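Sequence lines, in order, name chains A and B.
Quick note on numbering: the first sequence equals residues 1 to 350 in full-length UniProt numbering.
Quick note on numbering: the second sequence equals residues 1 to 350 in full-length UniProt numbering.
Data block below; observations after.
Protein chains: 2
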Amino acid sequence: MTDIDQTGNTPRSAVPTLRAGKSSPTIYDIAELAGVNPSTVSRALSKPGRVSAKTAQKIMDAAEQLNYQVNVFARALPTGRTQTIGLIVSDITNPAFFDVIRGAESAASARDYTLMLAESAESADLELTAARRMLATVDGLILASPRLSDEEIASLAAKKPVVVINRNVDGVPSVIADADAGVSDAVRHLADMGHTEISYVAGPERSWMSARRWESIKARCDWHGIMAAVVASSQPTVDGGRRAAATVRAGTATAVICYNDLMAIGLMRELQAAGLEIPNDLSIMGFDNIFGSDFTTPPLSTIKSPLGELGAAALQHVLAALDHADAAPTLPALPTELVLRGSTGRVKGS
Amino acid sequence: MTDIDQTGNTPRSAVPTLRAGKSSPTIYDIAELAGVNPSTVSRALSKPGRVSAKTAQKIMDAAEQLNYQVNVFARALPTGRTQTIGLIVSDITNPAFFDVIRGAESAASARDYTLMLAESAESADLELTAARRMLATVDGLILASPRLSDEEIASLAAKKPVVVINRNVDGVPSVIADADAGVSDAVRHLADMGHTEISYVAGPERSWMSARRWESIKARCDWHGIMAAVVASSQPTVDGGRRAAATVRAGTATAVICYNDLMAIGLMRELQAAGLEIPNDLSIMGFDNIFGSDFTTPPLSTIKSPLGELGAAALQHVLAALDHADAAPTLPALPTELVLRGSTGRVKGS
DNA sequence: CCCACTTTGTCAACCGGTTGCCAAATATTG
DNA sequence: CAATATTTGGCAACCGGTTGACAAAGTGGG
């Protein structure tokens, strides 16, 4: 009662006999129909070249006729392989991950792998649970900005190939957005606009990426002779940005770079609510160029991360590790890029 | 070389013998250690009450000691069950799905199911591929605002439990946000503000939900004696909203309700760019209350959908269908709610 | 034409669980 | 205490593929 013709062709009237009570055909059904041994069917289907073209064709025809689909569990049982890669993002709600997901997904499809997605809602515990669960059913795992400890990540990586995005963990391959390129342009732009003192609203204390971004900013500011200081924050979210507003106002910097766009948006809105004009009274810049960063008034200037490329590169690296377990080539850092919009401008009165 | 102590306790010095060359313990290892038959182990682990408390305890201890984890494939092979539910969203990039995902995910965790997420990037083809792939490894499937045809959905539903979110497909259970409640308040609000003519910028032509929203708006407008007309659109995205701007300007309506927030944002930004003042020159309202809908200036007034509840309800319904294959209770429609912000206001000169 | 070598297909064991059936052990009852 | 009812555990078959070992068939060279 279940046989729906999936091709849209005229429905074949009768599907050749299946074993009674069985809902889906197996290689045994194909073997019988094609007059060969089941193992030959298995080889024809998964070991190209192992059987003669003639029998292979017979088997393909039979498979087609029965509308055969491999049972992934049966295949996974002896091989352990599922053609699936897991991706865990720390927060599905953070638009920064959109493109990471898209990038990984399309890289996966291109190689006939399926992407399995999970999120940890910013909780290290949930993340560990999700990672463990996934690891059981997946050939490899990508962790995007994980909240896990280095040890936990290493322990996962000991079991199956793991690639980390935007974080550096000893012994675990990672793909990283190189802040320098974008920061260099951004700081030069601010310098051109007459700024001589800027603040960096940092991300989470334990965030490796936040530290890197600050390093990069500090280095460029020194080069330009600009004063730079860090403002600590609570969370890398819109709310976190809002809460940093008081500290920012108390300071004397004329430009602020935030750890990410979410914070920049929160900061901007809070300051605007308090009567400041952006960018006249203060220039604000974010990181990542997320969805919605141009919704604000003024639209946000930001340092764009190669999010899609990061996702794709991570996936490709997992696949490479799967192919030749030895090779672990260092990955090129992917460059960031300045996106100038309306939230940065000339220092007042200059 | 792989045995990482996962508990954080002092590492046990020696893990009891495993069969040579095996990486992870099986029920056979447990059986040996506990001095019982493998089938007893299987029962102790998955059929509570089937074995005596005493042996169950012995087995649990042995399992703990070996750090046992079931092999999901081996379990799935005979049973066909994976404790996994799939969720396919039409566009991971659409913030409206955030809460749907979160809602479904937490409902799944609560029942010890894992959620498997995929997206179709707004393509019916990709969606079908993703759905087919998922169906093979998943106990049930949730389709959020699917792009598939009714027939395709029905054909998927013929194989495993499927629940559709925000769409009505004959014979397939669905959970739906009831526009009426929110629309009723919204139209009353607009009437109070002096509006006598409003436009509805529609979603995709084939969108069931868009039609329902329009019906609801039309009915309420009639009730209030307000003129209402539909403006067709291209896509339910920010860009789609932008492209509707010209048509909207050409009309005489003083308030516009858009199919979703994304469109409302696009429309608003485009009109602002053209010099209109919102809400003075025109009131704009969206649907859903997505992330970012309060980033705009003015922040968007919108009719909030119970997105999280939708996701959770869908998941629970799939689980219910799995439990008692017969029961298919009709699901209560979940109410929407008006969220008033700055993009709607009094008609100019009134 | 024979022999060595390669290709192709078969057999059977295995992956790690689940489950129907049965017998042994234990509990209940008159 | 015997007879019956109920638990409890073991045996073995099964889920649907994969794969090493081997034999049959095919190929080519001398």
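Cβ atoms here follow ideal geometry from the backbone N, Cα and C, with glycine treated the same way.
Predicted model, so just to flag it, every value in this text is computed and none were measured.
Beta carbon of residue i nearer than 8 angstroms to that of residue j
i: A/V169; j: A/A154; result: yes
i: B/I176; j: B/Y200; result: no
i: B/V230; j: B/V248; result: no
i: B/L87; j: B/A62; result: no
i: A/F98; j: B/T93; result: yes
i: A/A108; j: A/L338; result: no
i: A/I303; j: A/A144; result: no
i: A/P279; j: A/T344; result: yes
i: A/L156; j: A/A131; result: yes
i: A/S283; j: A/T254; result: yes
i: B/G203; j: B/G241; result: no
i: B/G194; j: B/R341; result: no
i: B/L310; j: B/P173; result: no
i: B/R147; j: B/A181; result: no
i: B/Y68; j: B/I30; result: yes
i: A/V256; j: A/I165; result: no
i: B/S90; j: B/A312; result: no
i: A/I59; j: A/D139; result: no
Residue span of the alpha helix (DSSP H) that contains residue i, given as start and end
i: B/T40; result: P38 to S46
i: A/L28; result: Here residue 28 of chain A turns out to be Tyr, not Leu, going by the sequence shown. Per DSSP, A/Y28 belongs to the alpha helix (DSSP H) from I27 to A34.
i: A/I265; result: D261 to A273
i: A/I217; result: W208 to H224
i: B/A74; result: V72 to T79
i: A/Q235; result: Here A/Q235 belongs to no alpha helix (DSSP H), and DSSP marks it neither H nor E.
i: A/M60; result: A53 to L66
i: A/L276; result: Looking at the DSSP string, A/L276 is not in any alpha helix (DSSP H), and its letter there is neither H nor E.
i: A/R50; result: Segment: none, A/R50 is in no alpha helix (DSSP H) and carries neither H nor E.
i: B/D150; result: D150 to A157
i: A/T247; result: A245 to A250
DSSP bridge partner residues for residue i (one or two, in chain order)
i: A/K304; result: A/D288 and A/E337
i: B/A144; result: B/V89 and B/I165
i: A/V172; result: A/V169
i: B/S109; result: None; B/S109 has no bridge partner.
i: A/T344; result: Answer is none; A/T344 lacks a bridge partner.
i: B/A177; result: B/L334
i: A/T84; result: A/T114
i: B/Y200; result: B/V230 and B/I257
i: B/S283; result: B/A255
7 angstroms Cβ cut-off: residues of chain B touching residue i
i: A/T137; result: V72
i: A/M116; result: M116
Limits of the unbroken beta strand (DSSP E) element including residue i
i: B/L135; result: Per DSSP, B/L135 belongs to no beta strand (DSSP E); it is in the alpha helix (DSSP H), A124 to T137.
i: A/T114; result: T114 to E119
Classification of residue i by the beta-carbon crowding that lies within 10 angstroms, buried from 16 upward
i: B/R12; result: Legend: pLDDT at B/R12 = 37, less than 50; position of this residue unreliable, no value from coordinates given.
i: B/A34; result: buried
i: A/R269; result: buried
i: A/R206; result: exposed
i: A/G286; result: buried
i: A/M263; result: buried
i: B/S233; result: buried
i: A/E119; result: buried
i: A/W208; result: buried
i: B/P78; result: exposed
i: B/K348; result: exposed
i: A/E127; result: buried
i: A/R81; result: exposed
i: residue 356 of chain A; result: Limits of chain A in this structure are 1 at one end and 350 at the other, which puts residue 356 of chain A out of reach.
i: B/Q6; result: At B/Q6, the pLDDT of 36 sits below 50, so the modelled position is not reliable; the number obtained from the coordinates is stated separately. B/Q6 is exposed by the Cβ-count criterion.
i: A/N289; result: buried
i: A/M227; result: exposed
i: A/W223; result: exposed
i: A/D3; result: Confidence at A/D3 is low in this model, with a pLDDT of 35, below 50, so its placement is unreliable and the value that follows should be read with caution. Label assigned to A/D3: exposed.
Partners in chain A for residue i, counting only beta-carbon separations shorter than 7 angstroms
i: residue 351 of chain B; result: Outside the displayed range of chain B (1 to 350) lies residue 351 of chain B, so it cannot be described from this structure.
Where residue i meets chain A, residues with beta-carbon distance less than 9 angstroms
i: B/R102; result: I92, T93, E119 and A121
i: B/I265; result: G292 and F295
i: B/Q69; result: R132 and A136
Chain-ordered chain A contacts of residue i [CB-CB under 8 angstroms]
i: B/F291; result: T93, P95 and G292
i: B/F98; result: I92 and T93
Amino acids of chain B, ordered along the chain, whose beta-carbon sits closer than 8 angstroms to that of residue i
i: A/T296; result: F295, T296 and T297
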